[in-house]
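Protein chains in written order, with UniProt numbering: chain X, 1 to 116; chain U, 1 to 116.
All residues carry an ideal CB built from backbone N, CA and C; glycine is no exception.
None of these values were measured; they are calculated from a predicted model.
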DNA sequence: TGTGTGATCAACCTAAGAGTTGAACAACTG
DNA sequence: CAGTTGTTCAACTCTTAGGTTGATCACACA
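Set out below in structure tokens:
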């Protein structure tokens, strides 16, 4: 797998379990046990998911006695948002170009159109 | 891998090559050869990347003689944007709660703070 | 000090991702 | 028809992701 930050973030988000963990964490900190409770998988599996989220910077963990409270971090999501944003501009550009093309077609500059 | 739409989209985006392909396609349609040209990998590898993008609905392909022109599709990116958006609201909520907490601390309602 | 609890580490399995090469298919072109 | 070009299919390798179980570590508490 690619190890650049954006790829790590996207990869971390490409799993429903991990997205559910983030959803839970967005409502406040939680321990590994609390996070694992809703899932039909072992605690160790959830721990691994947390590691993936941690590697992507989406989660940080504190230390309180034998607990490791997990907290969501928003910075990587901001990066995703930025990335999306750049595309959104380009979509608009693209739509603009499409509009122009449609105008050309409507003006009869273009020949017949396929129906695909 | 998970096969729900959002997971497919995130997984497709979790690769720099595929994001570069999308960047190229956002500037207009392109053939497989054109898309493969900048990369130091075989044409077949790029073809596989395109399949991944296609499965996620990020790319559709036409047919023109022996060419298969690729076109970017924005719908899945909109889904990502929606997903992010839901989180963004929650961040704001969270920041609001943090602000409240900071106020409480500044008012001396809270005891000493750790420096973590 | 021993014991229960929270969490991770280690080893293992299976499936899938990402790349390769070689062959095959599809459509234009001479 | 033969050859060339664009693209995909098939088989193979290598690595990693995601899950399991069992052992271990870290801390609290009686």
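Residue 42 of chain U has a beta carbon lying at 8 Å or more from every beta carbon in chain X. Beyond the five residues adjoining it in sequence on each side, residue 12 of chain X comes within less than 7 Å, by CB distance, of 18, 52, 53, 56 and 58 in the same chain, given in chain order.
Residues of chain U with a Cβ closer than 7 Å to the Cβ of residue 10 of chain X are, in chain order, 10, 13 and 14. Below 8 Å, too few C-beta pairs join the stretch 29-46 of chain X and the stretch 21-28 of chain U to call them touching: fewer than three. Sequence-distant partners of residue 31 of chain X (beyond 5 residues in either direction) whose C-beta falls short of 8 Å from its own C-beta, in its chain, are 67, 68, 69 and 70. Near chain X, meaning a CB-to-CB distance below 7 Å, the residues of the UniProt domain "HTH arsR-type" (1-92) of chain U are 2, 4, 7, 10, 11, 13, 14, 15, 16, 26, 62, 74, 77, 80, 81, 84, 87, 90 and 91. For residue 64 of chain U, the closest of U:77, U:14, U:48 and U:29 by C-alpha to C-alpha distance is U:29. Non-local beta-carbon contacts of residue 49 of chain X in its own chain, meaning distances under 8 Å to residues more than five positions away in sequence, involve 15, 17, 18 and 21 in chain order.
In the three-state reduction of the DSSP assignment, residue 75 of chain U falls in the helix class. The residues 57, in chain order, have a CB closer than 8 Å to that of residue 75 of chain X in the same chain once the five nearest residues on each side in sequence are set aside.
The closest CA to that of residue 5 of chain U, considering only U:87, U:78 and U:86, is found on U:78. Residue nearest to residue 9 of chain X within the set X:87, X:82 and X:44 is X:82 (criterion: CA-CA distance). By the 16-neighbour rule on beta-carbons within 10 angstroms, residue 36 of chain X is buried. Using a 10 angstroms sphere on the CB of residue 7 of chain X, the tally of other CB atoms reaches 16 or more, which defines it as buried.
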